[in-house]
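Visitor:
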Amino acid sequence: MDFILNVLINIIACVCFLVGGNAIKKEKQLMGKVIGSLSIAGLAIVGTGLILSGVEELHTYMYIILVIEIVILFANVFMNYLSKFGKSEVFIGIGVLILTIFNLFTYITYVVLTFVFLLKNCRYKRRELGNDYD
7 MDFILNVLIN IIACVCFLVG GNAIKKEKQL MGKVIGSLSI AGLAIVGTGL ILSGVEELHT
67 YMYIILVIEI VILFANVFMN YLSKFGKSEV FIGIGVLILT IFNLFTYITY VVLTFVFLLK
127 NCRYKRRELG NDYD
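Counting from 7, one number per residue, gives the positions in the sequence shown under my numbering.
Given below as structure tokens:
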């Protein structure tokens, strides 16, 4: 279950970073460039998160981040839906920018917490084996 949850969080975060920039029509504006840059940084962090997602046990933060990522995904899809009708591009751009920043912050939190619990488990296993050099 932990592997499926980790992969699901990573896939949803990746889709959020890809879908977020799709609502912006004019990429030549500053806001479009900022959203594109944050999305590329987010995709790079998703790659790092895939490598670090080897936690052997489930933690509560994983479920919380999964729910947050799903909400961000639905909000991004809604922003794409609004952009199809030609509503105010400035408000849609600001909304997508806020969602992208929030998604980036949420995913960085996930990667850091995963890394902390991974180190904690390694240290605990080292103590079990009697190889604790601290």
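Positions of the beta carbon are idealized from the N, C-alpha and C atoms, including for glycine.
Would the stretch 40-57 count as touching the stretch 71-79 if we require 3 or more Cβ pairs under 8 Å?
Guide: no
Visitor: Going straight from the alpha carbon of L24 to that of S45, what length do you get?
Guide: 7 Å
Visitor: Looking only at its own chain, which residues have a Cβ that is under 8 Å from the Cβ of L105, when we skip the five neighbours before and after it?
Guide: C22, G26, I78, A81, N82, M85
Visitor: Keeping to the same chain, check which residues put their C-beta closer than 7 Å to that of N28; ignore five residues upstream and five downstream.
Guide: N86
Visitor: So what's G92 in DSSP terms, helix, strand or just coil?
Guide: Coil.
Visitor: Only counting the same chain, and skipping five residues up and downstream in sequence, which positions put a Cβ closer than 7 Å to that of I76?
Guide: I18
Visitor: At 4 residues or longer, what runs of the alpha helix (DSSP H) sit wholly inside the stretch 66-123?
Guide: Unbroken alpha helix (DSSP H) runs of no fewer than 4 residues, entirely contained in the stretch 66-123, are found at 66-90, following chain order.
Visitor: For L103 and M37, which I take to be in contact (beta-carbon distance under 8 Å), what is that distance rounded to the nearest angstrom?
Guide: Yes, L103 and M37 are in contact; Cβ-Cβ is about 6 Å, under 8 Å.
Visitor: Within 10 angstroms of its Cβ, does Y67 collect 16 or more other Cβ (buried), or is it exposed?
Guide: exposed
Visitor: Compute the Euclidean distance between the alpha carbons of I98 and I57, then round it to the nearest angstrom.
Guide: 33 Å
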